[in-house]
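Peer 1: Line order of the protein sequences matches chains D and W. When we follow this note's numbering, the leftmost residue of the first sequence carries the number 25, and every step to the right adds one. When we follow this note's numbering, the leftmost residue of the second sequence carries the number 874, and every step to the right adds one. Idealized CB from N, CA, C, for every residue including glycine. On a predicted model such as this, the values are computed, not experimentally measured, just so you know.
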Amino acid sequence: MRRTIPLALAAVLSMTLAACGGGSGPAAAPAADGTTTLKVGTIGIGSDAGIRLAADKGYFKEQGLNVEISVIANPPAGIAAAQSGQIDLTYTPSIPLLNALSQNVPLKIIAAADGYKDGASEGADLNRVDDTGLLVQQASAINRPKDLEGKSVSVPARKAQLEVTVSKLVKDDGGDPAKVNWMVLDPSSALQSLNSGRVDAASLVAPFTSKAAAEGNRLLASPGVEFFEQGAIGLWVAGANTVKSKEKALEGFKAAIYKANAYANGHVDEAQQLSAEITKTPLDVVKSGAVNYWPEEVRLEDIERANKNLADLGFLSAPVKLPADVIFGK
Amino acid sequence: MRNVAIRNWVIGTGTPVLLLAAWWFLSANSTDPFFPPLETILIRFQELWLFDHFQSDVLLSLGNLFLGFAIAAVVGVAVGFATALVPPVRWMIDPLIHFLRGIPPVALVPIFISLIGFGTQMRVTSIALAALFPTMIATVDGIRSVSNDLMDVARVYRLSRKERVFNVLLPAAMPQIFSGLQVSLQVAFIVMIASEMLGSSQGIGAMTLLAQQSFMTADMWAGILLLGVIGFLVNILFSLLKRKVLSWYIGSRRMARAA
């Protein structure tokens, strides 16, 4: 009994200390050779080929930048790290970013990381542009999103991109997303559970979409492109403090990323080779899935569309009031 | 002696109160989205746990915890006895035990998902398996350290095997078994939270994780606070039980010290 008290004390103490620690990012201090170091968090997905090209082709060096890429567990963890200044930039889709902004986490969008070409949602083969997919077993009785009511559907995380985008499919089809039984599963467990019938549908991201299709499952819908339609989805985001202290370096980052994005769009084969390396997936699996698109700008209207959709679906009580300068350099 | 006890008690309860007060005042005007004022956290605590999600999430988590822990306790003591008393069993499973106990229980969760799905069974199995080893190992150690004199006396009295196990070995090993159970309880608590990261998002751990991922930091802190409080209460309950079951042992120790 007496032994437990110091433990409880330690817990309270560490919480207090954590509460006291402020989030002051490291100031911009160019190294002796004039380069500034930027620490960037990514989640290790295929579209990271963009930032890898910027590093490999020397675009960051041209801007006087030394970019250190590290892999973060998930976008919310990256946002927390970027806000506190542990890293300078993080990859996040627009939905976690909007969630964070709605809770007054001060963040700015620096550049686009991935997304859909304008007019992508009007194409015939949505699965060639959308790297997310909703899959069911070949013989499943689920034939349209509305059929998901009362069924179990796997998502990588709750209240995140896949749940939101699949919810919109269900709602647009006249169903009630609240009646779906959401299950949190990592992609490989999700695929296995779909094959063994433990979940009725799985929402997956490339390369697992192609793997699921190759194992005989049926693509029911492409939730990403139907939700976002077009424009930037994956974003490079920095904390407001970092924007203040490293403005010039971030301008350089933005220029280098857009140069790399343009290169990637023009050299898809080379980018897919990199995607295969990053995700440790055979090249033919990458090639059989969606072709990534790397936008060369972030438009406020695209972010606002996602914002409005989130509020319509009830994930936000009201659309977030986006600050006028939420997109860096606009 | 009496004064020392009172002083210890004041230090024991006073320090957490002081720290809570410090937390309250230091965080009172916080605008940092990750460190909301304690007041906000407590309001969310009341809204979430008293008693909106009490049955659907708190009781669910605690049910898994106690079921898993109970399985671990019974199986751990039984296998511990078998291992300590029957040499062939020991030769058979000793290497296996030491292989399995080295694996972090949390790492086994994905394997359980592929074997038994992600429902309540998976959660209880993960908890039980992880909590099994501390109890089992403590049981083996407890039985091995029973003095030979005691066993000689049992033999002289011609106690049956059953009597020897239940009337001599079990009570004599009980203090160590309880130390093992206490460690098992802590492990069970950790795995209870970890097992809620996957599958249906019900339970205290799942809700806290969800709050963290959607930047509802006050909810997240409320969840952490609840976990702390539950951990604290469970430990107190366990200590009370231990004091009751082991009162003869605590008494004999006190006598021995006084002598």
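Looking only at its own chain, which residues have a Cβ that is under 7 Å from the Cβ of ILE966/W, when we skip the five neighbours before and after it?
Peer 2: THR956
Peer 1: With a threshold of 8 Å, establish whether the CB of SER987/W neighbours any heavy atom of the ligand COA.
Peer 2: Only the bare structure without any ligand can be found here, which leaves the ligand COA out of the picture.
Peer 1: Figure out for me which residue from ALA1095/W, MET1128/W, LEU1114/W and GLN1075/W has the closest Cα to the Cα of LEU921/W.
Peer 2: ALA1095/W
Peer 1: Would you say GLY990/W faces chain D, with C-beta separation under 9 Å as the test?
Peer 2: Closer than 9 Å: yes.
Peer 1: Near VAL36/D, which residues of its chain fall below 8 Å by C-beta distance, leaving aside the five closest residues on each side in sequence?
Peer 2: Note that VAL36/D has pLDDT 44, beneath the 50 cutoff, so the model's placement of it is unreliable and no number is given.
Peer 1: Contact defined as beta carbons within less than 8 Å: I believe LEU131/D pairs with VAL261/D. What is the distance between those atoms, to the nearest angstrom?
Peer 2: 5 Å
Peer 1: With distances taken between CB atoms, is the gap from ALA256/D to ALA73/D smaller than 9 Å?
Peer 2: no
Peer 1: Indicate whether the contact test is met: 3 or more Cβ pairs, each with one atom in the segment 896-914 of chain W and one in the segment 1066-1079 of chain W, closer than 8 Å.
Peer 2: Between the segment 896-914 of chain W and the segment 1066-1079 of chain W there are fewer than three C-beta pairs closer than 8 Å, too few to call the two in contact.
Peer 1: Return helix, strand or coil for GLN1055/W, following the three-state DSSP convention.
Peer 2: When secondary structure is reduced to three states using DSSP, GLN1055/W falls in the helix class.
Peer 1: Find the nearest neighbour of LEU1058/W within the set ARG1126/W, MET1024/W and MET1009/W, judged by alpha-carbon distance.
Peer 2: MET1009/W
Peer 1: Quick check on GLY109/D: does DSSP put it in helix, strand or coil?
Peer 2: coil
Peer 1: Look up LYS63/D in the DSSP assignment and give the residues it is bridged to.
Peer 2: In DSSP, LYS63/D forms a bridge with GLU92/D.
Peer 1: Do we get a CB-CB distance below 9 Å when we pair GLY46/D with the residues of chain W?
Peer 2: For GLY46/D, the predicted structure reports a pLDDT of 40, less than 50, and the residue's modelled location is therefore unreliable. A value from the coordinates is still provided. Contact of GLY46/D with chain W is assigned, a C-beta pair being separated by under 9 Å.
Peer 1: The alpha helix (DSSP H) with TYR1030/W in it runs from where to where?
Peer 2: Counting along the chain, TYR1030/W falls outside any alpha helix (DSSP H), and DSSP gives it neither H nor E.
Peer 1: Check GLN20/D in the structure and name its three-state DSSP category.
Peer 2: No information on residue 20/D is available, as it lies outside the stretch 25 to 354 that chain D covers here.
Peer 1: Measuring alpha carbon to alpha carbon, tell me which of ALA330/D, LEU158/D and GLU86/D ends up nearest ALA237/D.
Peer 2: LEU158/D
Peer 1: Going along the chain, which unbroken runs of the beta strand (DSSP E) with 3 or more residues stay wholly within the segment 119-202 of chain D?
Peer 2: 131-140, 156-161 and 176-179
Peer 1: Note down, in chain order, each residue of its chain lying with its Cβ closer than 6 Å to the Cβ of LEU298/D, except the 5 sequence neighbours on either side.
Peer 2: ALA73 and ARG76
Peer 1: Tell me whether the segment 937-957 of chain W and the segment 1049-1063 of chain W touch, counting them as touching only if at least three CB pairs, one residue from each stretch, are closer than 8 Å.
Peer 2: Cβ pair count under 8 Å is three or more, so yes.
Peer 1: Can you tell me whether DSSP reads SER341/D as helix, strand or coil?
Peer 2: coil
Peer 1: Report the rounded CA-to-CA distance for GLY58/D versus SER934/W, giving the unit in angstroms.
Peer 2: 55 Å
Peer 1: With a cut-off of 8 Å on the beta carbons, I'd call VAL188/D and ILE119/D a contact; round off their distance for me.
Peer 2: The distance from the Cβ of VAL188/D to that of ILE119/D is about 6 Å, consistent with a contact at the 8 Å cut-off.
Peer 1: Would ALA330/D pass as a contact of PHE252/D if the rule is Cβ separation under 9 Å?
Peer 2: yes
Peer 1: Taking just the CA atoms, how far does VAL229/D sit from ALA181/D?
Peer 2: 12 Å
Peer 1: Against chain W, does LEU37/D count as a neighbour if the rule is that its beta carbon must be under 9 Å from one of theirs?
Peer 2: Model confidence at LEU37/D stands at a pLDDT of 43, short of 50, so the residue's coordinates are unreliable; what they give is reported in the following sentence. LEU37/D counts as touching chain W.
Peer 1: Are the Cβ atoms of SER191/D and LEU337/D separated by less than 9 Å?
Peer 2: yes
Peer 1: Which residue from LYS170/D, THR116/D and ASP326/D puts its Cα closest to that of ILE67/D?
Peer 2: Measuring from the Cα of ILE67/D, the nearest candidate turns out to be THR116/D.
Peer 1: I'd like to know whether the C-beta of PHE352/D is nearer than 9 Å to at least one C-beta of chain W.
Peer 2: With a threshold of 9 Å between beta carbons, PHE352/D makes no contact with chain W.
Peer 1: In the DSSP output, what is LEU243/D paired with across the bridge?
Peer 2: Beta-bridge pairing links LEU243/D to LEU159/D.
Peer 1: Just to confirm, is the Cβ distance from GLU325/D to PRO343/D under 9 Å?
Peer 2: no
Peer 1: Taking all protein chains shown into account, do 16 or more other C-beta atoms lie within 10 angstroms of the C-beta of PRO201/D, making it buried, or fewer, making it exposed?
Peer 2: So PRO201/D counts as buried.
Peer 1: Closest Cβ-Cβ distance between GLN994/W and chain D: below 9 Å?
Peer 2: no
Peer 1: I want to see whether chain C comes within less than 9 Å of PRO983/W, judged by CB atoms only; does it?
Peer 2: No chain C is part of this structure, whose protein chains are labelled D and W.
Peer 1: Would you call the CB atoms of ASN241/D and THR904/W closer than 9 Å?
Peer 2: no
Peer 1: If I follow the unbroken alpha helix (DSSP H) through ILE351/D, where does it start and stop?
Peer 2: Note, ILE351/D: premise wrong, no alpha helix (DSSP H); not H, not E.
Peer 1: Could you compute how far the alpha carbon of PRO306/D sits from the alpha carbon of LEU1043/W?
Peer 2: 58 Å
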